[in-house]
Amino acid sequence: GGLAGDSAGAAVTGAQAGKNAVENNALSVQENQSRVQEMSQCQGNKACEGAVTEKYKQISAAQQKRVMECTGAQDCVDKANEVGRLQADYANRTSELLEKARADGGLSPVEQNELSILQVTTIQLEADRNAAIHNALMSGDSPEAKQLAINSLAQVAGTSAAGIAAGVGKNKPNTGGSAVKNGAKNAPETQTSVDNKLTNYLLAKDHPVGGSKAEWFDKALGFNKGNSSDLAKQIVFEPGKAVKTAETQHGVKYDQVISITGANGRTIDVKFGWIKNNDGVVRLVTAIPAKK
Numbered sequence: 229g230g231l232a233g234d235s236a237g238a239a240v241t242g243a244q245a246g247k248n249a250v251e252n253n254a255l256s257v258q259e260n261q262s263r264v265q266e267m268s269q270c271q272g273n274k275a276c277e278g279a280v281t282e283k284y285k286q287i288s289a290a291q292q293k294r295v296m297e298c299t300g301a302q303d304c305v306d307k308a309n310e311v312g313r314l315q316a317d318y319a320n321r322t323s324e325l326l327e328k329a330r331a332d333g334g335l336s337p338v339e340q341n342e343l344s345i346l347q348v349t350t351i352q353l354e355a356d357r358n359a360a361i362h363n364a365l366m367s368g369d370s371p372e373a374k375q376l377a378i379n380s381l382a383q384v385a386g387t388s389a390a391g392i393a394a395g396v397g398k399n400k401p402n403t404g405g406s407a408v409k410n411g412a413k414n415a416p417e418t419q420t421s422v423d424n425k426l427t428n429y430l431l432a433k434d435h436p437v438g439g440s441k442a443e444w445f446d447k448a449l450g451f452n453k454g455n456s457s458d459l460a461k462q463i464v465f466e467p468g469k470a471v472k473t474a475e476t477q478h479g480v481k482y483d484q485v486i487s488i489t490g491a492n493g494r495t496i497d498v499k500f501g502w503i504k505n506n507d508g509v510v511r512l513v514t515a516i517p518a519k520k
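For the sequence shown, my numbering begins at 229 and goes up steadily by one.
Given below as structure tokens:
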């Protein structure tokens, strides 16, 4: 059947969700939920709904103003990182709701409403984050100060090509927990899939989808086709660390976060997607920004 929100008037229309999102795009996941909850308690009373809308519009506007009116490179990058954390929260909550819809066969009208707003707002958050980064670059600070600030710009999980990194290490020392250090190796067929996926997709800058990922691997970690073997040997499937995400007709899918040490000395946790095909072979599918 359809989602539970299909009952008459239950789900907010796309256009309305879009309007809500633009007006409330700086709300935290928690504030968003409170807002949806308070709206549903109004039970269609227009005056009540108007008051709730206004209340959260004010909160959102104040939060957004802080981002837009940042001054100086470091302040603006800090604000961009704040929005980044919000984006990660949105991505996690969206995944939770989609998983719930899959497991329960639908969502309640309130959840349906929350989901539609989260999905529309995510796009707006990226624009806010970019505006703060732009302000940092255009600030009157010295080039050195700007560079320092930009270096502290966190990658955002689940937003764009830059979101491949689950977290950016500030040149943190390698703790030795990686597969390479503990001697773990892929089965030959798995290793072949890793090599092929890197060459033809993840490090292929001319690939229509993989291109942005290739740019990221190069910028963030210093990996390209020329030194791909140094990256390939770090991408090892470890059953104990992989999290099962789905069962499909082609096999079982897994996500695994691997601490990758770049050619540039940086260590970044990157999420990789795998599939254990029906022939029993585990193959690398992608490095995952949560949104294509």
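No residue lacks a Cβ here, since even glycine has one placed at the ideal position from N, Cα and C. These numbers come from a predicted model, not from an experiment.
Mind checking which residues open and close the alpha helix (DSSP H) that includes residue i?
{"i": "Lys-274", "result": "274-296"}
{"i": "Thr-420", "result": "416-425"}
{"i": "Leu-376", "result": "371-379"}
{"i": "Val-264", "result": "257-269"}
{"i": "Ala-442", "result": "438-444"}
Going by CA-CA distance only, name the one from the options that's closest to residue i.
{"i": "Tyr-284", "options": "Val-264, Thr-473, Ser-268 and Gly-272", "result": "Val-264"}
{"i": "Leu-459", "options": "Asp-483, Gln-419 and Val-471", "result": "Gln-419"}
{"i": "Pro-416", "options": "Asn-455, Gly-454 and Lys-461", "result": "Lys-461"}
{"i": "Ile-486", "options": "Gln-286, Glu-277, Ser-421 and Ala-412", "result": "Ala-412"}
{"i": "Ala-470", "options": "Ala-448, Phe-500, Lys-425 and Asn-452", "result": "Phe-500"}
{"i": "Ser-262", "options": "Gly-272, Asp-483, Gln-271 and Val-280", "result": "Val-280"}
{"i": "Pro-467", "options": "Val-509, Thr-476, Gln-286 and His-435", "result": "Val-509"}
{"i": "Ala-448", "options": "Glu-282, Asp-483, Gly-454 and Val-498", "result": "Val-498"}
Got a sec? Which residues, its chain only, sit under 6 Å from residue i by beta carbon, not counting five neighbours each side?
{"i": "Ile-503", "result": "Gly-479, Lys-481, Arg-511 and Val-513"}
{"i": "Ala-254", "result": "Ser-288, Gln-291 and Gln-292"}
{"i": "Ala-474", "result": "Lys-481"}
{"i": "Ala-238", "result": "Model confidence at Ala-238 stands at a pLDDT of 39, short of 50, so the residue's coordinates are unreliable; what they give is reported in the following sentence. Excluding sequence neighbours, Ala-238 sits near Pro-337."}
{"i": "Ser-406", "result": "At Ser-406 the pLDDT is 48, less than 50, meaning the model places this residue with poor confidence; the figure from the coordinates comes in the next sentence. These residues qualify, in order along the chain: Ser-487."}
{"i": "Cys-270", "result": "Cys-276 and Glu-277"}
{"i": "Gln-484", "result": "Lys-469, Ala-470 and Phe-500"}
If I measure Cβ to Cβ from residue i and keep anything under 7 Å in the same chain, skipping five residues before and after, which residues do I get?
{"i": "Ala-209", "result": "Only positions 229 to 520 of the chain appear in the structure, and residue 209 is not among them; the question remains open."}
{"i": "Lys-307", "result": "Arg-294, Val-295, Cys-298 and Ala-360"}
{"i": "Arg-321", "result": "Val-257 and Leu-346"}
{"i": "Asn-414", "result": "Val-422, Val-464 and Phe-465"}
{"i": "Ser-380", "result": "Val-305"}
{"i": "Glu-266", "result": "Val-280"}
Tell me, to the nearest whole angstrom, how far the beta carbon of residue i is from that of residue j; I am working on the premise that it is less than 8 Å.
{"i": "Asp-332", "j": "Ser-256", "result": "Going by Cβ atoms, the distance from Asp-332 to Ser-256 rounds to 25 Å, so no, they are not a contact pair."}
{"i": "Asn-492", "j": "Gly-450", "result": "4 Å"}
{"i": "Glu-259", "j": "Gln-315", "result": "Their Cβ separation, rounded to whole angstroms, is 15 Å, which puts Glu-259 and Gln-315 out of contact at 8 Å."}
{"i": "Leu-431", "j": "Ala-515", "result": "That belief does not hold up - the Cβ atoms of Leu-431 and Ala-515 are roughly 10 Å apart, past 8 Å."}
{"i": "Thr-427", "j": "Ser-456", "result": "6 Å"}
Would you kindly report the start and end of the unbroken beta strand (DSSP E) that includes residue i?
{"i": "Asn-455", "result": "Careful: Asn-455 lies outside any beta strand (DSSP E) and carries neither H nor E."}
{"i": "Ala-474", "result": "471-476"}
Excluding the five sequence neighbours on either side, which residues of its own chain have a C-beta within less than 8 Å of the C-beta of residue i, listed in chain order?
{"i": "Asn-505", "result": "His-478, Gly-479 and Arg-511"}
{"i": "Leu-326", "result": "Leu-343"}
{"i": "Ser-268", "result": "Pro-337, Val-338 and Asn-341"}
{"i": "Ala-236", "result": "For Ala-236, the pLDDT reaches just 36, beneath the cut-off of 50, and the residue's location in the model is therefore unreliable, leaving the point undetermined."}
Please report whether the beta-carbon of residue i lies at a distance below 7 Å from any beta-carbon of chain D.
{"i": "Ser-456", "result": "Here chain D cannot be found, since the structure has a single protein chain."}
With a floor of 3 residues, list each beta strand (DSSP E) that falls wholly inside the stretch 314-366, ordered by position along the chain. Taking only runs of at least 3 residues, no beta strand (DSSP E) segment lies wholly in the stretch 314-366.
Could I get the ranges of all uninterrupted beta strand (DSSP E) runs contained in the stretch 479-516, with 3 residues as the minimum, in chain order? For the stretch 479-516, whole beta strand (DSSP E) runs of length 3 or above, ordered along the chain, are 479-489, 495-505 and 510-515.
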